[in-house]
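S.K.:
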Amino acid sequence: MISRKKYAREAKSVPKGFDSPNDFFNYVYNDQDMIWMGQNTNHLHDKDGIMEAMLSSIKKGDYAKYPPPEGFPELKDLIQEDLGLTHGFDSLITAGGTESLYLACNNVLEPENNTLTCDPGYLIIDNFSSRFGEVRSIPIYNEECGYKLTPQLARENLDENTKLILLIDPLNPLGTSYTKEEIKEFAEIAEENDIYLLHDITYRDFARDHCLAAKRVPEHAITIYSFSKIYGMAGLRIGAMIASPDIINSVRTILINDLGTNVVAQKGAIAAVNSKYEWLDRIKETTRSNQKYIKQAVDQVEGAYLPVYPSDANMMVIDLYETGVKPPELADYLLERGIFAREGTYTSKLFGHRYLRVSYSIPTEHVKYFTECFLEGMDALMENKDL
Ligand SMILES: Cc1ncc(COP(=O)(O)O)c(C=O)c1O
1 MISRKKYARE
11 AKSVPKGFDS
21 PNDFFNYVYN
31 DQDMIWMGQN
41 TNHLHDKDGI
51 MEAMLSSIKK
61 GDYAKYPPPE
71 GFPELKDLIQ
81 EDLGLTHGFD
91 SLITAGGTES
101 LYLACNNVLE
111 PENNTLTCDP
121 GYLIIDNFSS
131 RFGEVRSIPI
141 YNEECGYKLT
151 PQLARENLDE
161 NTKLILLIDP
171 LNPLGTSYTK
181 EEIKEFAEIA
191 EENDIYLLHD
201 ITYRDFARDH
211 CLAAKRVPEH
221 AITIYSFSKI
231 YGMAGLRIGA
241 MIASPDIINS
251 VRTILINDLG
261 TNVVAQKGAI
271 AAVNSKYEWL
281 DRIKETTRSN
291 QKYIKQAVDQ
301 VEGAYLPVYP
311 SDANMMVIDL
321 YETGVKPPEL
331 ADYLLERGIF
341 AREGTYTSKL
351 FGHRYLRVSY
361 SIPTEHVKYF
371 TECFLEGMDA
381 LMENKDL
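According to my numbering, the sequence shown holds residues 1 to 387 in order.
1. Out of Asp312, Leu375, Asp246, state which residue places its alpha-carbon closest to the alpha-carbon of Ala104.
2. When a residue counts only if its C-beta is closer than 6 Å to some heavy atom of ligand 1, which residues count, in chain order?
3. Can you check whether the CB of Leu320 is closer than 9 Å to the CB of Lys326?
4. Determine the burial state of Tyr66: buried for a count of at least 16 other Cβ atoms within 10 Å of its Cβ, exposed for fewer.
5. Report the rounded CA-to-CA distance for His87 versus Tyr178, giving the unit in angstroms.
6. On the DSSP letters alone, give me the boundaries of the alpha helix (DSSP H) that Val217 sits inside.
7. Which class does His366 belong to by DSSP, given the choice of helix, strand or coil?
8. So within the segment 137-218, which uninterrupted beta strand (DSSP E) runs reach at least 3 residues, ignoring any that extend past its ends?
9. Hey, would you say Asn172 sits closer than 9 Å to Gly121, going by beta carbons?
10. In whole angstroms, give me the CA-to-CA distance for Asn314 and Glu278.
11. Between Glu112 and the rest of its own chain, which residues show a CB-CB distance below 6 Å, the 5 nearest in sequence each way excluded?
12. Using 8 Å as the threshold, is the segment 299-318 in touch with the segment 70-80, meaning 3 or more CB pairs across them?
13. Relative to the C-alpha of Lys47, which candidate in Phe370, Asp31, Arg342, Ala272 has its C-alpha closest?
14. Compute the Euclidean distance between the alpha carbons of Ala243 and Thr323, then round it to the nearest angstrom.
15. Classify Ser100 as helix, strand or coil using the three-state DSSP reduction.
16. Return helix, strand or coil for Arg288, following the three-state DSSP convention.
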């Protein structure tokens, strides 16, 4: 029998009534009417040329050929221009930001190294880091640190073996983001200690303001870019890594997808970056105003609250702890009503029992339906506790 790797752990818990996480995702995916508030994906795109570019690529039969292994130069350039990281940077197109995150951890970390991450956070990255070194996950679910990994916390927790600091910005699940000042301080920490900032900017375009660490410390930053969120292309699995030519050269030696990333997805991605300023404001505005409906509903439930509001991402955390309602109970209640939301354990080992995470770049009428179900559900579940 094959032995499991020492790091192997279930990254995903199995929801009640399902045999495996995969069964659960298959179930929600195949329900065409399911309201998608559990994955921070974006369901607000209209006819904006992205789908049309992909259809045209398919019709031409482009997919019979392998694309250039590192991505179409046109797409690499567009992404770098989008970020203003043109001179002194290089990039690789990957199957989602996820592949880039894995490659970054693999590339930077030696077994004696540790990575500073935060809890709550996007635990898949902790899991990747743990395959190559130690993970130091810093609790940040409190007002004192503003619900984010601060430069001060990083300084307190790093040692001579720290090689990587993970900055998810804005942060999944809380929606906190970094100020210019904080990014400057992180840049100083990276330079002083000769370490790397893994800057995951998956939700960047939802933020009110955003600062790139790579602009401060080009040699010490690895920027992770995704097409899954603002571009609404999660199922196409496309993203990128942007870093100094030195770092990218080093990553070239450990590439997984040596034959390139899905050609149809790349054609869609080119159209997506090219058309971005035609739809960006509309999507951001709807996403932002959707938050308000959720806040109004949460404010009506005694004991429930939003630790971070407004969120700079397209998701937020609803803390239920004081109400006595357990997040999985509410998630199950909502699922029965056709709403997929995420219990906290997916993004936190320490605080997951406190909250439900909901994402809301979805049509406003779906958010309104959620708020009705949320209020009814909280009423019903809290009443059960009182009996
Ligand atoms: C912080 C963060 N990084 C990366 C990803 C995955 O991105 P991709 O779909 O581009 O692999 C997610 C997905 O939810 C995320 O929350």
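Ideal placement from N, C-alpha and C gives every residue a C-beta, glycine not left out.
Since the model is a prediction, treat every value here as computed from it, not as a measurement.
M.R.: The structure says:
1. Taking the sequence shown and counting its residues from 1, the one referred to as residue 104 is at position 104. Its Cα nearest to that of Ala104, the residue Asp246 stands out among Asp312, Leu375, Asp246.
2. Chain-ordered, the residues whose CB falls short of 6 Å from any heavy atom of ligand 1 come out as Asn40, Gly96, Gly97, Thr98, Tyr122, Ile168, Asn172, Asp200, Thr202, Ser226, Ser228, Ala234, Gly239.
3. Here residue 326 refers to the residue found at position 326 of the sequence shown. Here residue 320 refers to the residue found at position 320 of the sequence shown. Cβ distance < 9 Å, so Lys326 and Leu320 count as in contact.
4. The residue labelled residue 66 in the question sits at position 66 within the sequence shown. With fewer than 16 Cβ atoms within 10 Å of its Cβ, Tyr66 is classed as exposed.
5. Along the sequence shown, read from residue 1 onward, the residue named residue 87 stands at position 87. Along the sequence shown, read from residue 1 onward, the residue named residue 178 stands at position 178. If I take the Cα positions, the gap works out to 24 Å.
6. Mapped onto the sequence shown, residue 217 falls at position 217. That residue, Val217, is in no alpha helix (DSSP H); it is neither H nor E in DSSP.
7. By one-based count along the sequence shown, residue 366 stands at place 366. It is helical.
8. Counting only runs that start and end inside the segment 137-218, the beta strand (DSSP E) elements of at least 3 residues fall at 162-168, 196-200.
9. In the sequence shown, the residue the question calls residue 172 occupies position 172. In the sequence shown, the residue the question calls residue 121 occupies position 121. Taking 9 Å as the Cβ cut-off, Asn172 and Gly121 qualify as a contacting pair.
10. Within the sequence shown, numbered from 1, the residue matching residue 314 stands at position 314. Within the sequence shown, numbered from 1, the residue matching residue 278 stands at position 278. Asn314 and Glu278: Cα-Cα distance of roughly 19 Å.
11. Mapped onto the sequence shown, residue 112 falls at position 112. Leaving aside the five residues that flank Glu112 on each side, the residues in its chain whose CB is nearer than 6 Å to its CB run, in chain order, Asn161.
12. Two segments are said to touch when three or more pairs of C-beta atoms, one from each, lie closer than 8 Å; by this definition the segment 299-318 does not touch the segment 70-80.
13. Working through the sequence shown from its first residue, we reach residue 47 at position 47. Here the closest residue by C-alpha is Ala272.
14. Here the question's residue 243 lines up with position 243 in the sequence shown. Here the question's residue 323 lines up with position 323 in the sequence shown. Each residue's Cα considered, the two are about 45 Å apart.
15. Within the sequence shown, numbered from 1, the residue matching residue 100 stands at position 100. Helix.
16. Mapped onto the sequence shown, residue 288 falls at position 288. In the structure shown, the three-state DSSP call for Arg288 is helix.
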